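**Student:** Sending over a structure as structure tokens; questions will come in a sec.
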Amino acid sequence: MEDFYGRNIDYMRVSITDRCNLRCRYCMPEDIQLNQMSEILTFEEIEEICQAAADIGIKKLKVTGGEPLVRLGCPELIGKLKKIPGIEQVTLTTNGILLKQYLPELVENGVDAINVSLDSLDREQYASLSGKDRLEDVLEGIHAAAACNIPLKINSVLIPGYNDGSWEQLVELAAGNPLDVRFIEMMPIGYGKKYTAVDNGTLLSQLQAKYPDMQSDSKKHGNGPAVYYRIPGFQGSIGFISAVHGRFCGSCNRIRLTSQGKCKPCLCYDESVDLRQLLRGGQEETGPETRRILLQEGLKKAVSMKPAQHCFEALSRITEVKQMVQIGG
Ligand code: SAM
Ligand code: SF4
-18 MEDFYGRNID
-8 YMRVSITDRC
2 NLRCRYCMPE
12 DIQLNQMSEI
22 LTFEEIEEIC
32 QAAADIGIKK
42 LKVTGGEPLV
52 RLGCPELIGK
62 LKKIPGIEQV
72 TLTTNGILLK
82 QYLPELVENG
92 VDAINVSLDS
102 LDREQYASLS
112 GKDRLEDVLE
122 GIHAAAACNI
132 PLKINSVLIP
142 GYNDGSWEQL
152 VELAAGNPLD
162 VRFIEMMPIG
172 YGKKYTAVDN
182 GTLLSQLQAK
192 YPDMQSDSKK
202 HGNGPAVYYR
212 IPGFQGSIGF
222 ISAVHGRFCG
232 SCNRIRLTSQ
242 GKCKPCLCYD
252 ESVDLRQLLR
262 GGQEETGPET
272 RRILLQEGLK
282 KAVSMKPAQH
292 CFEALSRITE
302 VKQMVQIGG
């Protein structure tokens, strides 16, 4: 479906939980007030919303969280979402801790691609950034997924003074493994406001200095705004998601569904459409067909509310106050 600015919105990020087994310092460094399970959408409700989303032109879904793999039944949900007519691709974003354990079920249920978040290859640095000493588990998950030939991306957020030197090792992952490594600029959302973003432009210059033969890669790699480069001899590409220093809103293609059923038009602002309210609004007699129409209308409203652009450069204008773990990054 086209939004007010002529952008084709065909991608929805679906958060299935606000729980997580890590405590990343820029996302959920400490325990936060969790929603009651009764406030979180059931898998049946998520499926209903995704069916209505497919009706209005959503073709690609990304299952995220919190950590999606801590919610029991995540692989089966992916299998169900894959069967929705009109949905062409269902992918997963995970911190990788439970990836090796759930990989067989994810493959069985047809996951189309997996993104693993990994900010450092140094064990101590990883533990300091993520709050847990679990680097080995993440690496095992990555290698197991690579061996299954699942399209794989590593997403890294660099923080000046913490892990901004870790890019050299992270980039090397794409040398020996069939995966892309992407650097995402820190966004001033939730705890992320406490940190400044490493400028991807500066990072790109450092990369070009180290790999002078690096070339721009025009191949389509995914659903997002990443810009890619190829380094001769590397199996995977290097991507940059310049959320703050690059302005990619002109090609924004997405809406977000939080685990509580709010459909968010933009990460930066707190406006949303309450789809859970439409599903549970007290009209017990509402049948599936009526609910589907209500959800379609709600989703269309969210698309129509998409702003022209975010305002990450002007902190006082950011109205979103939730943490990333509650939104579904
Ligand atoms: N737990 C899963 C994971 O870590 O991949 C999925 C949810 S997590 C919120 C999704 C992504 O958001 C992760 O790659 C994480 O690094 C990123 N993220 C969280 N807070 C961020 C922020 N303030 N700026 C940029 N990226 C952020
Ligand atoms: Fe959990 Fe992902 Fe947030 Fe880290 S980035 S705290 S793994 S939700």
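Residue 21 in my numbering sits at position 40 of the sequence shown; the count goes up by one each step and never skips.
Positions of the beta carbon are idealized from the N, C-alpha and C atoms, including for glycine.
Predicted model, so just to flag it, every value in this text is computed and none were measured.
According to DSSP, is residue 301 helix, strand or coil?
**Tutor:** Coil at residue 301, not helix or strand.
**Student:** With 16 other CB atoms within 10 Å as the buried threshold, where does residue 137 fall?
**Tutor:** Buried, because 16 or more other Cβ atoms sit within 10 Å of the Cβ of residue 137.
**Student:** Measuring from the CB of residue -7, is there a heavy atom of ligand 1 at a distance below 8 Å?
**Tutor:** No; taking the cut-off as 8 Å, the Cβ of residue -7 has no heavy atom of ligand 1 nearer than that.
**Student:** Give me the Cα-Cα distance between residue 54 and residue 148, rounded to the nearest whole angstrom.
**Tutor:** Taking the straight line from one Cα to the other gives about 34 Å.
**Student:** List in chain order the residues whose CB is within less than 7 Å of at least one heavy atom of ligand 2.
**Tutor:** The set, ordered by position in the chain, is 1, 3, 4, 5, 8, 9, 46, 47, 48, 76, 98, 111, 305, 306 and 310.
**Student:** Taking buried to mean at least 16 other C-beta atoms within 10 Å of its own C-beta, is residue 268 buried or exposed?
**Tutor:** Exposed.
**Student:** Short of 7 Å in beta carbon distance, which residues of its chain neighbour residue 295, apart from the five on each side in sequence? Order them along the chain.
**Tutor:** Contacts found: none.
**Student:** Given a cut-off of 9 Å on the beta-carbon distance, is the pair residue 262 and residue 235 in contact?
**Tutor:** No, they are not a contact pair.
**Student:** Note the first and the last residue of the continuous alpha helix (DSSP H) segment covering residue 60.
**Tutor:** Counting along the chain, the alpha helix (DSSP H) containing residue 60 begins and ends at 55 to 63.
**Student:** Given this structure, state the Cα-to-Cα distance separating residue 272 from residue 22, to the nearest angstrom.
**Tutor:** Those two C-alpha atoms are separated by around 15 Å.
**Student:** In whole angstroms, give me the CA-to-CA distance for residue 248 and residue 34.
**Tutor:** Taking the straight line joining both Cα atoms gives about 18 Å.
**Student:** Check residue 94 in the structure and name its three-state DSSP category.
**Tutor:** Of the three classes helix, strand and coil, the one that applies to residue 94 here is strand, per DSSP.
**Student:** Could you tell me if residue -2 is buried or exposed, where buried requires 16 or more neighbouring beta carbons within 10 angstroms of its beta carbon?
**Tutor:** So residue -2 ends up on the buried side.
**Student:** Alpha carbon to alpha carbon, how far is residue 13 from residue 178? Give it in angstroms, no decimals.
**Tutor:** Roughly 24 Å between the two C-alpha positions.
**Student:** Taking only heavy atoms of ligand 1 into account, decide whether any of them is closer than 8 Å to the Cβ of residue 171.
**Tutor:** For ligand 1, at least one heavy atom lies less than 8 Å from the Cβ of residue 171.
**Student:** My output table needs one value for residue 220: the three-state DSSP class, helix, strand or coil.
**Tutor:** Strand, per DSSP.
**Student:** In angstroms, rounded to a whole number, what distance separates the CA positions of residue 173 and residue -9?
**Tutor:** So the two alpha carbons sit approximately 27 Å from each other.
**Student:** Given 8 Å as the limit, tell me if residue 208 has its C-beta closer than that to any heavy atom belonging to ligand 1.
**Tutor:** No, since every heavy atom of ligand 1 falls outside the 8 Å radius drawn around the Cβ of residue 208.
**Student:** Taking just the CA atoms, how far does residue 48 sit from residue 74?
**Tutor:** One C-alpha to the other measures close to 8 Å.
**Student:** For residue 224, does the count of other Cβ atoms within 10 angstroms reach 16, so buried, or fall short, so exposed?
**Tutor:** By the 10 Å Cβ count, residue 224 comes out buried.
**Student:** Check residue 168 in the structure and name its three-state DSSP category.
**Tutor:** Coil, per DSSP.
**Student:** What would DSSP say about residue 42, mapped onto helix, strand or coil?
**Tutor:** Of the three classes helix, strand and coil, the one that applies to residue 42 here is strand, per DSSP.
**Student:** Looking only at its own chain, which residues have a Cβ that is under 7 Å from the Cβ of residue 312, when we skip the five neighbours before and after it?
**Tutor:** Any answer about residue 312 is impossible in this case: the structure gives the chain only from -18 up to 310.
**Student:** Under 8 Å, with one C-beta from each stretch per pair, do the region 120 to 131 and the region 89 to 105 reach the 3-pair mark?
**Tutor:** Touching, yes, given that three or more Cβ pairs across the two stretches are closer than 8 Å.
**Student:** Identify the continuous beta strand (DSSP E) that holds residue 74 and give its terminal residues.
**Tutor:** Counting along the chain, the beta strand (DSSP E) containing residue 74 begins and ends at 70 to 75.
**Student:** Identify whether residue 225 lies in helix, strand or coil by the three-state DSSP scheme.
**Tutor:** If DSSP states are grouped into helix, strand and coil, residue 225 belongs with coil.
**Student:** Using 8 Å as the cut-off, classify the Cβ of residue 100 as near or not near the heavy atoms of ligand 1, replying yes or no.
**Tutor:** Yes, ligand 1 has a heavy atom inside 8 Å of this Cβ.
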